[in-house]
Structures are given as C-alpha cells and as structure tokens.
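Chains as they are written, first to last, in the UniProt record's numbering: chain F, 1 to 398; chain V, 1 to 387.
Everything below concerns the one structure shown next.
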Amino acid sequence: MDFSFTEKEEAFRQEFRIWLENNLPDGWLDGKRDIPEDKEQYSEFLRNWQRKLYEGGWAAIAWPKKYGGREASLIEEIIYQQEMVRVKAPPLVNYVGIHMVGPTLMQIGTEEQKEAYIQKILTGEEVWCQGYSEPNAGSDLTAIQTSAVRDGDRWKINGQKVWTSFGHLADRCFLLARTSRGEKKHKGITVFLLDMNQPGVETRPIIQMDGKHDFNEVYLEDAIAYDADIVGEVDEGWRVMIALLMHERSGIGAQVFTLEQQFEDLVVLAKEVQEDGQPLIQNPFTRKTMVDLYTRSRGSLLNYYRNLTKTLKNGQPSAEGSMDKLIVSELTKELFSQSLSMQGHQGVLWKEDAIFGDSYWQDNFLYSFGMTIGGGTSEVQKNTIGERILGLPKDLGR
Amino acid sequence: MDFSLSEEQEMFRGYVNKYLNNMGHTKTAREFIKGDTESYETIVSGLAELGCTSINISEEYGGMELGALDLVPVLEELGRSVLPGLYLETNSFAVPVLEKFGSEYQKQKYLPAIAEGSQTFSIAWLEPGGSYQPAGIQMTASLEGDFIRLHGTKTLVPDAELANSLILPVRTGGGKGEGGISLVIVDMADLNITMLKQKNIDDSRHLAEITFDNVEISQEQVIGSLHKGWDILQEGLLAINAALASVMVGGMEAIVGMAAEYAKIREQFGQPIGRFQAVKHKIVDMKVDLEMARSLAYYANWALENESEDQVQAIICARLFAAEAYNKAAANNIQIHGGIGFTEEIDCHLYVKRARFYEHYLGSTQSYYEKAAAALGWCEPEKVEQF
Ligand SMILES: Cc1cc2nc3c(=O)[nH]c(=O)nc-3n(C[C@H](O)[C@H](O)[C@H](O)COP(=O)(O)OP(=O)(O)OC[C@H]3O[C@@H](n4cnc5c(N)ncnc54)[C@H](O)[C@@H]3O)c2cc1C
C-alpha cells in the first residue's frame, strides 16, 4: 500500500499547477470566478478556455503524441483532474469530444474520420455533444425511435433527442439512431457523426431547475448524414457505445475530488453560520452530521483509489465504476441538502439574496439533483452493480 | 499509488480463509455457544501454527515484526467466521501496547508466549454503572511497597475465562480525571478472584463481572509510568479500533455473500427473489457499504502503521462507519432470507448479535463521534469528556 506519487508524477503536477496559475482567466484564483450568462458570451468564454488549454498543450493529455496529446498515464490524468478541481477551473466545453468521441475515433474510426475531426476536437474548434436520450428512451436506450433511412450514399434522420447537454453550443453530435429492427433490441442501432449546423437540425433550449440552460431538445427532420459519418458498422452501434464508455476513465475522479473540496467548504460554512451567537459547529448534532459526511466522503475517495488501483492492475476499468458513480452522486446530493439545512430558514434565499457564499450552496443544491440522473440513474447503477458485480439475476426486460 | 493489500497479504488471507473453511466456518462459533470449546481450542493452535499470532510481534520476541496492515487479512477472516476468542484484544491491543510501553520484563514474559499462541489478553475496563470516560474508572489500586492492592469490580469483561491475563485501567491516584489512572496487567492464574458470568446476546463472546477483593499484584505489572495509564489506553484504543473495523468488514463480507447467494436460488412468483429490485437494491446497498467500510479500514490500518497525521480521525471514522454498516447489513440479511432468516439454524442471527456486541464496545458511538470531531479540530478535546 502506497499513497505517494512518483517524482515524475509530482513534477507533472508542478508543471500543470504552474501553467494553470499563469493561464486561468484574470482574477480567477482570487475568487472572481464569474462566467458570463449570455449565450454568446458564455460560449465564447468556454471556447477561449478550451483553446488556451490546447495552446498550452493541456487539452487532451491522455491522447497519443501523434494526435497532439502527451500520452499521459492514468495517474497523470488523475493528477490533472485534482489540479483542475483545486483551482475550481472553468468547465471543459468539449469534454465529450476530448474524453469520449476523440479516443473512440482513434480506436475504431476510419482514417477519413480521424483526419476530419480529431484535430478540431483538440483545438476546440468543433464542440461535440451526445445524442442518446429521447422522450421515450432514457434508461433504456434500446427503445430509441429516431430513425436513419438510407437514401443513396446519404442517410435521412428523423426523430427527437432530449437532454442534450451543450447541444446549443455543439457543432457535431455523436448520435444514436435506429437503422433496423430485429429480434435483439441492441441490434439495429447505428452511431452517426452528425453535423449540427444544417437545416434538418433544430435545437431548442430546456431550462433546468437551477435556472440554467445547459441541455436542450434536438429535433431532427430529414437531417442528413453520409456513409462516411458512420462509426463502426451499420446496426452495430451498441458496440461502439461500449467502446466509448470505456474511454471515459477520469470523469468520476473529478467528481470525487470535487466532493472532497465541497466538504472542506462545508466545514467553513459550519463555522460561519451562527446559532444563538455561537458557530454552528459548536452544536454536537451538527458535528455528528459533519463527522458522518466526512467519513463518507473520505470513504468515497478511498474507494475510488482502491478501484483505480484495480484498473491500473487490470489495464481496463470494470463495473466498479458504477459504484463510484453511485456513491459520489448520492453523497454530493446529501452534502448540499445538509448545507441548506444548516443555514436554517434563510437557506432558501437564492442568487443575489443568498447569505453565504454567493449562492454557491443554493446553486449546487439545485444542480445536484441532476447528478443522480445524468449518466445513468442511481437505480440503473444499482442494477449494474447487482448484476455485474454480485451476479444477481438480470432485471425484468433485460 | 497503490491502494490494495500486497500479494503476500492476499496470499496469507487465502491460507487463513481455507483453514477456517475447513474447520467449518461458523461451526466453531456455534459449538462454542453450546459450551463445546474443542473446536475453538483447535483453531487457537491452528492459527498460531499458521503464524497469525506472531505477525506484529518484533523478531526479538519471536515474532515476524510486521505491521497493522499485515493483520488485516487475518482480522477480516476471523470476522467472517464470527470466531470466538481474544485474537483482537491480544494481537491488536495488548501487543501494540506492550511493544511500545511495556517494560523489558513484561515483554519477555508475554510477547514470546503470545507469538506461540499460549497467551491471551482481555480488557477489563467498564465498572458497574460506569462509563468509558476517566470518571468511570473508580476501582482502587493502593500502592503498598512493591505491591498494588486492587479493590473493586469490573464488568462486561469479554471472555475472561479464556484469557491468561487482563489489562485493566485502575485508579492509583485520586480524583476523577485522566491523571491518576494506571494500566495494569493481572495474570488470571495467580489470583483469587470472583467471576460472575453475564449472559450476552452474542453468546459467541462470553462476558463476566469480576470482583477484586483486595487482590495483590506486583508493581512490575504496571504498564508504562504509574498514573499515566490513560494516554497509553488511548493509543491502545487506536490500534484495536483500526483492527475492529477490519473484523467488522469480514463480518459484512460474509453477510453480503450470504444474501446474494440466497437471492439467486430462492424463487417466488416464478422468479429468483434477487430479480426483485426491492431485494436486489438492498443487497447492493449492503455491498456498497461493505466496500466503503473496507476502504476506510484499509486506510485506518495504513494510517496506524505509518503514524500518519490523520490517524486518529481515520481510525475512529473507520470504526464508526463499519459498526453502523455492519449492524444495518446484518439486519437486512435477515429480512432478505424471510422466515428462515429468523431461525436459529441459519447463520444470519450470529452476525446481528456480533454486530450489536461491537457497536459500543470500548467506547460509545456518541463519544467516538465527538472524538473524531475533536481530532478534526471542530471542538475542544476536553468537551468530549461530557459524553
Ligand atoms: C444533467 C443531465 C445531463 C444530461 N445530458 C445528456 C446528454 O448530453 N445526452 C443524452 O443523451 N442524455 C443526457 N441526459 C439524459 C440522461 O441520460 C437520462 O435522463 C437518464 O438516462 C434517465 O433517463 P430518463 O430521464 O428517461 O428517465 P427514465 O429512464 O424514464 O427513469 C425514470 C425513473 O425510473 C427509474 N428506472 C428506469 N429504468 C429502471 C430500471 N430498469 N430499474 C429501476 N428503475 C428504473 C429511473 O431510475 C428513474 O428513477 C442528461 C440528464 C441530465 C440530468
């Protein structure tokens, strides 16, 4: 057992830390972390950040050198996430491109696809989104109804996608569509690399419960894709999806490290909030809650490290990732729920009227509800853990 | 970065696991409950032969001189089989305390014997109506020349009849505070004491009330300095709590395995019950708690072995989490088994009872929450004393 990082890994951390300190937007490190709300400015802000990372050579560190990456090890990716979390860096608008689409294309894309897309993902020139969920297909993606019908060397795509994160900013979509219907539900689905900037694609905003607009509805009406835009084989998109998910290897880590930091913030809050002229942390009930949250957020971090060790040894991630996802998302939700409770009735005050932390607690409280839904609901994670780790019988309908 | 037990540690787990399974897994506990200690005695010497009792004893005294983490596989396995006996108290309390604070005389006298499996310790802390706080220690120990005269009663002493010696905190100085408490070793063979068996819900651990009526022991039996026993006790507690977390992880491991296996074979409504999510998700919750508890316990033992800065909170939190999760999982396991889970015949109840035994063992849950908060710098340590 060894929790230390090698000298090389520490040097890597130092290098990235210094780069971040020199390149974060002005005032960011001093706590001026405002991201513009206006759609155009918001998009520009995030793209600028993405471009800056690219220019510094820090956009896609795990990629092979020949595609402009650093061939970073998994541990280096973890360190990278830790450093990003440490400075509360702005979100990566092209997360999907860099962590999912890019590596998948490198693995199974055609030479033309690599040529056409990979560089633009790296530079942030083209932003990607994921088009899986539909009004009638969420947890069960085999139920998708969006259809793609061949028309010469073209495909005509019709249907509706929903909850498409960053769809309004995206240039391209990694899209699931049904190309045939047979015995097996997983068969007959195909992955297309869809151009979002065409007449057949219409993106409409969906406002979330936190008042923000990150996800969208996408209407597809005779949207066009070509044979050359198909990833893998026609009707074999399910395999492509599995390959794609295997590449998403450090996202949970970022959430785990974020939770660690949010807990530290909660301690500060518990000292800041007063109850009868005393800091709340003086109340033994509060302390018990805090020790409990501390224990479980430490547990989630340590469990993540243990699973990471397994991944390092086996060379690939296993179903344990579902456990990390379940634990960290549920715990984050609980932490923010507590943070509001701790503020008493004034905990309901929002935005400019919030008493503590510029509405950080209220905003994250609201945002946290999406965490146990997006990327697979907690119930679905539990099915996966039960079936793949414990070997329990498969869910009805599967 | 490598957060896992080493190959050697896992290999050692394999030996212990195989040995205990060959001995019938929970059969030893069941026979012990019925008063038949034969299989228990076989296991005590069997474990010693495997080397379990000498792991953390220094080479000088006949041990392997390994650390807290090397005990983890053994502790988990013992927990898995709800093994009776005093391995935990002996190897994870007496050994670290003697190694660090024991006199040369005490080390010579006890450590080699522990290593070869012929010496066990129990802890006699609580007194009737008392608590785990300093004020709860009222048993008097008057100094008379080279002797100490013990007078008073200790209660809920685990497995005293299996122990060769007891470690007990006693009052050598007046008052109610930490000062004036000494930690002494009493050898059972030498003494004329009255032992009253107390019925334990977990009959795989025997409890007794022991009355010392002016019992004389040599001053050589004091561990560390006179009147300074409280701090030694606290260090010993860290060691045993880290170990206890691993024992409880072992228990949970057995429970999750039982529940998952049963859910695969038991059919109702034409389905294995494990297909019903009310059952499946319950078992998953147990599994998630188990893995969290294991991660916390590994880290606690790592922190102990490396004396890391956060060892106090790491150990206490591991213990708190494991105790709560163990009790919850043990209860759910019965529910998942239905009617048969309520019977004596099935092992479910053994774990419920053992989990309950550990819940407040060597310190109440509430006091540990406060101690963790103090270690994290959220309250003054002296405030903890109120609980
Ligand atoms: C913040 C956020 C971002 C998102 N971004 C994207 C995106 O970019 N692209 C995209 O395609 N999608 C995205 N999604 C959609 C997300 O993947 C789906 O919401 C999710 O998979 C659940 O599907 P659903 O909403 O249809 O709920 P449903 O599947 O209808 O689920 C409703 C309820 O039923 C439960 N349930 C469903 N099936 C089972 C089962 N087998 N066993 C037990 N319970 C079950 C669920 O757990 C849930 O509680 C995003 C969602 C959120 C919240």
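We put the beta carbon where it would ideally sit given N, CA and C, even for glycine.
Report the residue from V:Arg-275, V:Ile-57, V:Tyr-262 whose alpha carbon sits nearest the alpha carbon of Asn-333 of chain V. As a first step, residue 333 of chain V is located in the second sequence; it is residue number 333 there, counting from the start. Out of V:Arg-275, V:Ile-57, V:Tyr-262, V:Tyr-262 has the C-alpha closest to the C-alpha of Asn-333 of chain V.
Should Cys-348 of chain V be counted as a contact of ligand 1 given a C-beta to heavy atom distance under 8 Å? One-based indexing of the second sequence puts residue 348 of chain V at position 348. No, ligand 1 has no heavy atom inside 8 Å of this Cβ.
Beta strand (DSSP E) containing Lys-156 of chain F: first to last residue? The residue labelled residue 156 of chain F in the question sits at position 156 within the first sequence. 154-165 is the span of the beta strand (DSSP E), which, as asked, contains Lys-156 of chain F.
Chain V contact residues for Phe-5 of chain F, given Cβ-Cβ distances below 8 Å: To locate residue 5 of chain F, count along the first sequence from 1; it is residue 5. Those are Met-1, listed as they occur along chain V.
Buried or exposed: His-168 of chain F, going by 16 or more other Cβ atoms within 10 Å of its Cβ? Here the question's residue 168 of chain F lines up with position 168 in the first sequence. Buried, by the Cβ-count rule.
Is any heavy atom of ligand 1 found at a distance shorter than 8 Å from the C-beta of Ala-137 of chain F? Mapped onto the first sequence, residue 137 of chain F falls at position 137. Yes, the beta carbon of Ala-137 of chain F sits closer than 8 Å to at least one heavy atom of ligand 1.
Going by DSSP, what residue range makes up the beta strand (DSSP E) through Ala-177 of chain F? Stepping through the first sequence from its first residue, residue 177 of chain F is reached at position 177. Counting along the chain, the beta strand (DSSP E) containing Ala-177 of chain F begins and ends at 172-178.
Am I right that Ile-144 of chain F and Leu-176 of chain F are in contact with their C-beta atoms under 8 Å? What's the rounded C-beta distance? In the first sequence, counting from the first residue as 1, residue 144 of chain F sits at position 144. In the first sequence, counting from the first residue as 1, residue 176 of chain F sits at position 176. Right, the Cβ-Cβ distance comes to about 6 Å (below 8 Å), so this counts as a contact.
Kindly indicate if chain V contains any beta-carbon less than 9 Å away from that of Val-267 of chain F. The count along the first sequence starts at 1 and reaches residue 267 of chain F at position 267. Judged by the 9 Å Cβ criterion, Val-267 of chain F is in contact with chain V.
Closer than 9 Å to chain V by CB, Pro-284 of chain F: Within the first sequence, residue 284 of chain F is the residue found at index 284, counting from 1. Chain V contact via Cβ: present.
Does Tyr-80 of chain F have its Cβ less than 9 Å from a Cβ in chain V? Along the first sequence, one-based indexing puts residue 80 of chain F at 80. For Tyr-80 of chain F, the answer is no, since every Cβ of chain V falls outside 9 Å of its Cβ.
With 16 other CB atoms within 10 Å as the buried threshold, where does His-206 of chain V fall? Mapped onto the second sequence, residue 206 of chain V falls at position 206. His-206 of chain V is classed as buried because its beta carbon has at least 16 other beta carbons within 10 Å across all chains shown.
Would you decide whether Tyr-226 of chain F is buried or exposed? Buried here means 16 or more other CB atoms lie within 10 Å of its CB. Indexing the first sequence from 1 puts residue 226 of chain F at position 226. Answer is exposed; the Cβ neighbour count stays below 16.
Span of the beta strand (DSSP E) holding Gln-130 of chain F? The residue labelled residue 130 of chain F in the question sits at position 130 within the first sequence. Run containing Gln-130 of chain F: 128-131, per the beta strand (DSSP E) assignment.
Per-residue burial, His-345 of chain F [other beta carbons within 10 Å of its own, 16 or more giving buried]: For the purposes of this step, residue 345 of chain F is taken as the residue at position 345 of the first sequence. Answer is exposed; the Cβ neighbour count stays below 16.
With a threshold of 7 Å on Cβ separation, who are the neighbours of residue 388 of chain V within its own chain once the five nearest residues in sequence on each side are excluded? The requested residue 388 of chain V is not part of the displayed model; chain V covers only 1 to 387.
Sheet register partners of Met-195 of chain V (DSSP bridge): Counting from one through the second sequence, the residue named residue 195 of chain V turns up at place 195. Its beta-bridge partners are V:Ile-210.
According to DSSP, is Thr-309 of chain F helix, strand or coil? Translated into the one-based positions of the first sequence, residue 309 of chain F becomes position 309. DSSP places Thr-309 of chain F within a helical segment (H, G or I) once states are collapsed to three.
Counting only Cβ pairs nearer than 8 Å, list the residues of chain V close to Ile-327 of chain F. What you label residue 327 of chain F is simply residue 327 of the first sequence in a count that begins at 1. Counting only Cβ-Cβ distances below 8 Å, Ile-327 of chain F has contacts in chain V at Val-288, Met-292, in chain order.
Between the alpha carbons of Ala-260 of chain V and Ala-208 of chain V, how many angstroms are there, rounded? Residue mapping note: residue 260 of chain V aligns to position 260 of the second sequence, counting from 1. Residue mapping note: residue 208 of chain V aligns to position 208 of the second sequence, counting from 1. In a straight line, the C-alpha of Ala-260 of chain V is about 37 Å away from that of Ala-208 of chain V.
Which runs of the alpha helix (DSSP H) fall wholly inside the stretch 251-305 of chain V and span at least 4 residues, in chain order? If you keep only unbroken alpha helix (DSSP H) runs of at least 4 residues inside the stretch 251-305 of chain V, you get 277-305.
Could you check whether Gly-179 of chain V and His-227 of chain V sit closer than 9 Å to each other, using their CB atoms as the reference points? Locating residue 227 of chain V in the second sequence gives position 227, counting from the first residue. Locating residue 179 of chain V in the second sequence gives position 179, counting from the first residue. Yes, they are a contact pair.
Arg-171 of chain V, enclosing beta strand (DSSP E) - first and last residue: Residue numbering aside, residue 171 of chain V sits at position 171 when the second sequence is read from its first letter. Going by DSSP, Arg-171 of chain V is part of the beta strand (DSSP E) stretching over 165-171.
Proximity test, Tyr-326 of chain V beta-carbon vs ligand 1 heavy atom, cut-off 8 Å: Stepping through the second sequence from its first residue, residue 326 of chain V is reached at position 326. In this structure, ligand 1 has no non-hydrogen atom nearer than 8 Å to the beta-carbon of Tyr-326 of chain V.
Is the distance from the Cβ of Gly-109 of chain F to the Cβ of Ala-59 of chain F below 9 Å? Here residue 109 of chain F refers to the residue found at position 109 when the first sequence is read from its first residue. Here residue 59 of chain F refers to the residue found at position 59 when the first sequence is read from its first residue. Going by C-beta atoms, Gly-109 of chain F is not nearer than 9 Å to Ala-59 of chain F.
Of all the residues that make up the stretch 73-103 of chain F, which are near chain V by a beta-carbon distance shorter than 7 Å? Result list: Ile-75.
Spatial neighbours of Lys-27 of chain V within its chain, please: CB distance less than 8 Å, with the 5 preceding and 5 following residues excluded, ordered by chain position. As a working mapping, residue 27 of chain V is identified with position 27 in the second sequence. The answer, listed in chain order, is Ser-39.
Which of the three DSSP states is assigned to Arg-388 of chain F in this structure? Position 388 of the first sequence holds residue 388 of chain F. It is helical.
Check whether the stretch 304-322 of chain V touches the stretch 331-347 of chain F, taking contact to mean three or more Cβ pairs, one atom from each stretch, closer than 8 Å. The stretch 304-322 of chain V makes no contact with the stretch 331-347 of chain F: fewer than 3 CB pairs, one atom from each, lie closer than 8 Å.
State yes or no: is the beta carbon of Pro-73 of chain V nearer than 9 Å to at least one beta carbon in chain F? Taking the second sequence and counting its residues from 1, the one referred to as residue 73 of chain V is at position 73. Cβ-Cβ to chain F under 9 Å: no for Pro-73 of chain V.
Taking DSSP's pairing of strands, which residues face Ile-185 of chain V in a bridge? To locate residue 185 of chain V, count along the second sequence from 1; it is residue 185. Per DSSP, the beta bridge partners of Ile-185 of chain V are V:Ile-167.
Cross-chain neighbours of Ala-260 of chain V in chain F, by beta carbon under 8 Å: As a working mapping, residue 260 of chain V is identified with position 260 in the second sequence. Chain F residues near Ala-260 of chain V: Leu-390, Gly-391, Leu-392.
For Ala-243 of chain F, tell me which candidate among F:Ile-327, F:Leu-308, F:Pro-317, F:Glu-183 has the shortest Cα-Cα distance. Indexing the first sequence from 1 puts residue 243 of chain F at position 243. Answer by Cα proximity: F:Pro-317.
Starting from Glu-144 of chain V, follow its DSSP beta bridges and name the residues at the other end. As a first step, residue 144 of chain V must be located in the second sequence, where it is residue number 144. Per DSSP, V:Phe-147.
Establish whether the CB of Met-290 of chain F and some CB of chain V are separated by less than 9 Å. Residue numbering aside, residue 290 of chain F sits at position 290 when the first sequence is read from its first letter. So yes, Met-290 of chain F belongs to the interface.
For Phe-166 of chain F, is the beta carbon positioned less than 8 Å from some heavy atom of ligand 1? As a working note, residue 166 of chain F is residue 166 in the first sequence. Yes, ligand 1 has a heavy atom inside 8 Å of this Cβ.
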